[in-house]
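Participant: Residue numbers for the sequence shown follow our numbering, beginning at 2 and rising by one. Ideal Cβ positions, reconstructed from N, Cα and C, are used throughout, including at glycine. Handing you a structure now.
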Amino acid sequence: MDLSVINPVLLLASLMVAATPILLAAIGELVVERAGVLNLGVEGMMITGAICGFIVAVSTGSPWLGFAGAALGGAMLALIFGVLTQVLLSNQVATGLALTLFGLGLAALLGQGYVGIKAPAVAKFPIPLLSDLPVIGPILFRHDLIVYLGILIIAGTWAFLRYSRAGLILRAVGENHDAAHALGYHVIRVRLLAIMFGGACAGLGGAYLGLVRVPQWTEGVTAGAGWIALAIVVFASWRPWRLLLGAYLFGGVTVLQLNLQAAGVALPVSYLSMAPYLATILVLVMMRSGRAPGSLAQSFHASR
Numbered sequence: 002m003d004l005s006v007i008n009p010v011l012l013l014a015s016l017m018v019a020a021t022p023i024l025l026a027a028i029g030e031l032v033v034e035r036a037g038v039l040n041l042g043v044e045g046m047m048i049t050g051a052i053c054g055f056i057v058a059v060s061t062g063s064p065w066l067g068f069a070g071a072a073l074g075g076a077m078l079a080l081i082f083g084v085l086t087q088v089l090l091s092n093q094v095a096t097g098l099a100l101t102l103f104g105l106g107l108a109a110l111l112g113q114g115y116v117g118i119k120a121p122a123v124a125k126f127p128i129p130l131l132s133d134l135p136v137i138g139p140i141l142f143r144h145d146l147i148v149y150l151g152i153l154i155i156a157g158t159w160a161f162l163r164y165s166r167a168g169l170i171l172r173a174v175g176e177n178h179d180a181a182h183a184l185g186y187h188v189i190r191v192r193l194l195a196i197m198f199g200g201a202c203a204g205l206g207g208a209y210l211g212l213v214r215v216p217q218w219t220e221g222v223t224a225g226a227g228w229i230a231l232a233i234v235v236f237a238s239w240r241p242w243r244l245l246l247g248a249y250l251f252g253g254v255t256v257l258q259l260n261l262q263a264a265g266v267a268l269p270v271s272y273l274s275m276a277p278y279l280a281t282i283l284v285l286v287m288m289r290s291g292r293a294p295g296s297l298a299q300s301f302h303a304s305r
C-alpha cells in the first residue's frame with residue numbers, strides 16, 4: 002500500500018467531476034418535489050438521457066448537441082410520467098418505478114448498436130486567470146462547461162425558489178395544492194413544467210456519465226446514480242445549497258475509493274466499490290431531514 006500516489010489536488014478536482022451527474026439529477030428532483038410530486042423514475046430518466054445524448058453526440062460529432070438531446074430525451078420521458086400522474090391520476094410511486102424499468106429497458110435496446118463506440122471528447126474550459134491560481138485553480142477552475150453549469154443551476158434554482166414570484170407559486174403548489182388552486186394558480190401546469198425540468202436535469206446528468214465520466218456506451222452506465230440523487234434530496238432537506246454539499250460528499254467518497262484501489266489498499270475491491278453507497282445510507286440515518294413539502298406525492302383533483 003502506497004498512499005503517497007494519491008494527489009490531494011487531483012483528488013479534489015476529480016471530486017467535482019464525480020459529483021456533477023448526481024448534482025444535476027438531484028437538483029431537478031428537488032424542484033419536482035418542491036412542486037409536490039414524487040418521481041422515483043430518476044434512474045430511468047438518467048439512463049434515457051445517457052443513451053439519447055450518446056446517440057446524438059456520435060451521430061453529429063458534437064458532444065454539446067448530445068447534451069441537448071439528452072436533456073430533451075429526459076424531459077420527454079418525464080412528460081410521460083407527468084401526464085400519467087397529473088392528468089390520468091395514476092399512483093406516483095408505482096408510476097415512477099415503472100418509469101425506471103422502462104428507461105433501463107429502452108436504453109438497453111437503443112444502445113445495442115453503440116457498445117464499444119467512443120464518444121466525441123468534451124473539451125475542458127479553464128477560466129482565464131483563475132485557472133492559473135495555485136492549488137485553487139486546478140481544483141475549481143479547470144473543468145468542462147457542464148461542471149460549471151451544474152453549479153449555476155444550483156444557484157439559479159435557489160434564487161428562483163427564494164426570490165421569484167414563479168418560485169413562490171411552485172412552493173405554494175407543493176405545500177398545499179388545494180389552497181394554490183383556490184387562489185387561481187394552475188396546479189397541473191406548474192407540476193408538469195417542474196416534472197419536465199427535473200427530467201431535463203436528469204438527462205443531462207446521465208449524458209455526463211456517458212460522454213465524460215465513461216466516454217463510451219456501457220449498458221447500466223448510471224449504476225444506481227438516480228437512487229443516490231433521490232437520497233441526496235432528502236439529505237439536503239429540499240434545500241439547493243445543502244444538496245450541493247451532499248453531491249460533493251458522494252463524489253468525494255467515490256473518487257477516494259478509486260484512489261485507494263490504485264494505492265493498493267488491502268481491502269477487497271467490492272468493499273471499496275460499495276463505499277459511496279454505504280456512506281450515503283449512513284449519512285441519511287444519522288442526519289435528521291427537514292420537513293417535506295406538504296402535498297408531496299398527493300394527487301390533485303381539479304374538480305375539488
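Going by beta carbon distance, what residues of the same chain come within less than 6 Å of LEU245, once the five residues before and after it are set aside?
Facilitator: ILE155
Participant: If we ignore side chains and look at the alpha-carbon of each, how far apart do GLY206 and GLY50 end up?
Facilitator: Going by the C-alpha atoms only, they are around 8 Å apart.
Participant: I'd like the ranges of any alpha helix (DSSP H) spanning at least 4 consecutive residues and lying wholly in the region 188-221.
Facilitator: Qualifying alpha helix (DSSP H) stretches, in chain order: 188-209.
Participant: Output needed for PRO127: all residues of its chain with C-beta closer than 7 Å, excluding positions within five of it in sequence on either side, in chain order.
Facilitator: Taken in chain order, the residues that qualify are PHE142, ARG143.
Participant: So who's on the other strand from LYS119, going by DSSP bridges?
Facilitator: GLN217
Participant: GLY200 and LEU78 look like a contact to me (Cβ under 8 Å); what is the Cβ gap, rounded to whole Å?
Facilitator: Between LEU78 and GLY200 the Cβ distance is about 6 Å, and since that is below 8 Å, they are a contact.
Participant: Determine the closest residue to PRO216 out of VAL123, ASN177, SER15, LEU41, with distance taken between C-alpha atoms.
Facilitator: Nearest of VAL123, ASN177, SER15, LEU41 to PRO216, Cα basis: VAL123.
Participant: Mind checking which residues open and close the alpha helix (DSSP H) that includes ASP179?
Facilitator: 178-183
Participant: Candidates PHE236, LEU257, TRP218: which alpha carbon is nearest GLY67's?
Facilitator: TRP218
Participant: Give the secondary structure of ALA124 by DSSP, where H, G and I count as helix, E and B as strand, and everything else as coil.
Facilitator: coil
Participant: Between the C-alpha atoms of LEU162 and ALA248, what's the straight-line distance to the nearest angstrom?
Facilitator: One C-alpha to the other measures close to 20 Å.
Participant: Could you name the residues of the same chain whose beta carbon sits closer than 8 Å to that of ALA203, not counting the 5 residues immediately before and after it, in chain order?
Facilitator: LEU25, ALA26, GLY29, GLU30, VAL43, MET46, MET47, GLY50, GLY75, ALA79, GLY227, ALA230
Participant: From LEU41 to TRP159, what does the alpha carbon distance come to, in whole angstroms?
Facilitator: 22 Å
Participant: Evaluate VAL136 with the Cβ neighbour count: other Cβ atoms within 10 Å of its Cβ, from every protein chain shown; 16 or more gives buried, anything less gives exposed.
Facilitator: Flag for VAL136 reads exposed.
Participant: Quick check on PRO9: buried or exposed, where buried means 16 or more other Cβ atoms within 10 Å of its Cβ?
Facilitator: Residue environment analysis places PRO9 among the exposed positions, since fewer than 16 neighbouring C-beta atoms fall within 10 angstroms of its C-beta.
Participant: DSSP three-state call for ASP133: helix, strand or coil?
Facilitator: helix
Participant: Quick check: what's the CA-CA separation for GLY253 versus ASN92?
Facilitator: Note on geometry: alpha-carbon atoms of GLY253 and ASN92 lie some 35 Å from one another.
Participant: What residue from ARG172, ALA72, LEU85 has the CA that sits closest to CYS53's CA?
Facilitator: CYS53 has its Cα closest to that of ALA72, out of ARG172, ALA72, LEU85.
Participant: Using the beta-carbon count (16 or more within 10 Å), is ASP145 buried or exposed?
Facilitator: buried
Participant: Which residue from VAL234, GLY211, VAL235 puts its Cα closest to that of ALA224?
Facilitator: GLY211
Participant: Only counting runs of 4 or more residues, tell me where the alpha helix (DSSP H) segments fall wholly within the region 36-77, in order along the chain.
Facilitator: 43-61
Participant: LEU85: which of VAL57, ILE189, LEU169 sits nearest, CA to CA?
Facilitator: Of the candidates VAL57, ILE189, LEU169, ILE189 places its Cα closest to the Cα of LEU85.
Participant: Compare the beta carbon distance of ALA167 and VAL174 with 8 Å and say whether it is the shorter of the two.
Facilitator: no
Participant: From this set, LEU11, VAL148, GLU34, which residue's C-alpha is nearest ARG240's C-alpha?
Facilitator: Nearest of LEU11, VAL148, GLU34 to ARG240, Cα basis: GLU34.
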